[in-house]
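Participant: Just so you know, we're using our numbering here: the sequence shown kicks off at 4 and counts up by one.
Backbone N, C-alpha and C define an ideal beta-carbon position, used for all residues, glycine too.
All values derive from a computational prediction rather than experimental measurement.
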Amino acid sequence: MLNLQAAVSERILFNKNLKGPDSFRISVNQGNSGVQRDFTLVEQVENILGVHEYTGHGVRKYGDHNKTHYMAYDLQVDHPSWQKCTPVFRGDIMRRYRHTVTEENPDYYYKVYDKFLKYWYK
Ligand SMILES: [Zn+2]
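#1: Counting beta carbon pairs with one atom in the stretch 74 to 90 and one in the stretch 39 to 57, are three or more of them shorter than 8 Å?
#2: Relative to the C-alpha of Val-68, which residue among Tyr-111, Glu-106, Thr-89, Tyr-116 is closest?
#3: Using only the alpha-carbon positions, how far apart do Asp-81 and Asn-108 sit?
#4: Excluding the five sequence neighbours on either side, which residues of its own chain have a C-beta within less than 7 Å of the C-beta of Gly-66, listed in chain order?
#5: Taking only three categories from DSSP, how would you classify Leu-120?
#6: With a threshold of 8 Å on Cβ separation, who are the neighbours of Arg-101 within its own chain once the five nearest residues in sequence on each side are excluded?
#7: Tell me which residue opens and which closes the alpha helix (DSSP H) that Arg-101 is part of.
#8: Give the range of the alpha helix (DSSP H) segment to which Tyr-73 is assigned.
#9: DSSP three-state call for Arg-40: helix, strand or coil?
#10: Where do the ends of the alpha helix (DSSP H) carrying Gln-47 lie?
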């Protein structure tokens, strides 16, 4: 999940019976107004679905279960698509990121605090 208050509803299903990389499904609740706002640019779709969901949760298995969910947000900020996302989008992602990292790894949050200053709502 992006976080407990996420605008996007995520659901990931792993299929243990397949050989090779696990397949999984990403579900998005299109009736959610947050989705309408998040998915206005192709880079934002890529940043959330491709980077956070697919690479973060799917490939690298980041998540709440092992307190690595914040690392999926790190991937988003470090990905080239981030620079094309709108300031409002980035601010909203940073709000979710901060909520997650302060619970999972507060020390890390203070280490990368500059990142939050840089991308917080402008
Ligand atoms: Zn997530």
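Facilitator: Walking through what the data contain:
#1: Touching, per the Cβ criterion.
#2: It should be noted that the sequence gives His, not Val, for residue 68. Minimum Cα distance to His-68 is reached at Glu-106.
#3: 18 Å
#4: His-60, His-72.
#5: helix
#6: Closer than 8 Å at Cβ, skipping near neighbours: Tyr-112, Phe-119.
#7: 90 to 107
#8: 72 to 81
#9: helix
#10: 45 to 48
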